[in-house]
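Asks: For the sequence shown, position 29 matches number 28 in numbering that gives the first Met the number 0, and the numbering has no gaps at all. All residues carry an ideal CB built from backbone N, CA and C; glycine is no exception.
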Amino acid sequence: MNDELKDVERTTEELAEIMASGNTVRVFVGEILTFEISLSEVALNIRLPFPQEAVRDLTSGVEQGDLRLSASTSGAKGLADLDVDNGQAELLKRALVARRSLLAS
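Below, the structure written as structure tokens:
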């Protein structure tokens, strides 16, 4: 069962509870990217053709809670207009912190 999060107000503790119960937290970044975070993995789904180097750039800081769009990434087709909502970016960061805390315990 997945918990499709659109509520950016969820706390780190709530996100940890969701993952601890075996569910996946989905964080939508614009209309192009979806992060799926569970205890077993952090998956990135991209809904358009994307060069491998751009994926590496985009995900380089994800484990630290950062979503980075570098010049080479934003030059990829369709990403120049990617609007990263601050609420979603914070939700992604909290979800990653929750996952790290669960894995550390």
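Would Arg93 and Arg9 be called neighbours here (beta carbons separated by less than 9 Å)?
Replies: Reading the sequence shown from its first residue, position 94 is the one you call residue 93. Reading the sequence shown from its first residue, position 10 is the one you call residue 9. For Arg93 and Arg9, yes; Cβs fall inside 9 Å.
Asks: Using the beta-carbon count (16 or more within 10 Å), is Ser69 buried or exposed?
Replies: What you label residue 69 is simply residue 70 of the sequence shown in a count that begins at 1. Its pLDDT being 49, under 50, Ser69 is placed unreliably by the model, and the measurement read from it follows with that caveat. By the Cβ-count criterion, Ser69 is exposed, with fewer than 16 other Cβ atoms from all chains shown falling within 10 Å of its own Cβ.
Asks: Where Ile36 and Asn44 are concerned, what is the direct C-alpha to C-alpha distance, given to the nearest angstrom?
Replies: If you number the sequence shown from 1, residue 36 lands on position 37. If you number the sequence shown from 1, residue 44 lands on position 45. So the alpha carbons of these two residues sit roughly 11 Å apart.
Asks: Below 8 Å CB to CB, which residues in the same chain sit around Leu38 once its five sequence neighbours on both sides are set aside?
Replies: The sequence position of residue 38 within the sequence shown is 39, counting from 1. So the qualifying residues of the chain are Met18, Ala19, Gly21, Arg98, Leu101, Leu102.
Asks: Taking only three categories from DSSP, how would you classify Val7?
Replies: Here the question's residue 7 lines up with position 8 in the sequence shown. In this structure, Val7 counts as coil in the three-state DSSP scheme.
Asks: How big is the Cα-Cα spacing for Ser71 and Glu13?
Replies: As a working note, residue 71 is residue 72 in the sequence shown. As a working note, residue 13 is residue 14 in the sequence shown. Its pLDDT being 48, under 50, Ser71 is placed unreliably by the model, and the measurement read from it follows with that caveat. Approximately 35 Å between the Cα atoms of the pair.
Asks: Are the CB atoms of Gln87 and Phe27 within a distance shorter than 9 Å?
Replies: For the purposes of this step, residue 27 is identified with residue 28 of the sequence shown, where counting begins at 1. For the purposes of this step, residue 87 is identified with residue 88 of the sequence shown, where counting begins at 1. Going by C-beta atoms, Phe27 is nearer than 9 Å to Gln87.
Asks: Using the Cβ count rule (16 or more neighbours within 10 Å means buried), how would you classify Leu47?
Replies: Translated into the one-based positions of the sequence shown, residue 47 becomes position 48. Exposed.
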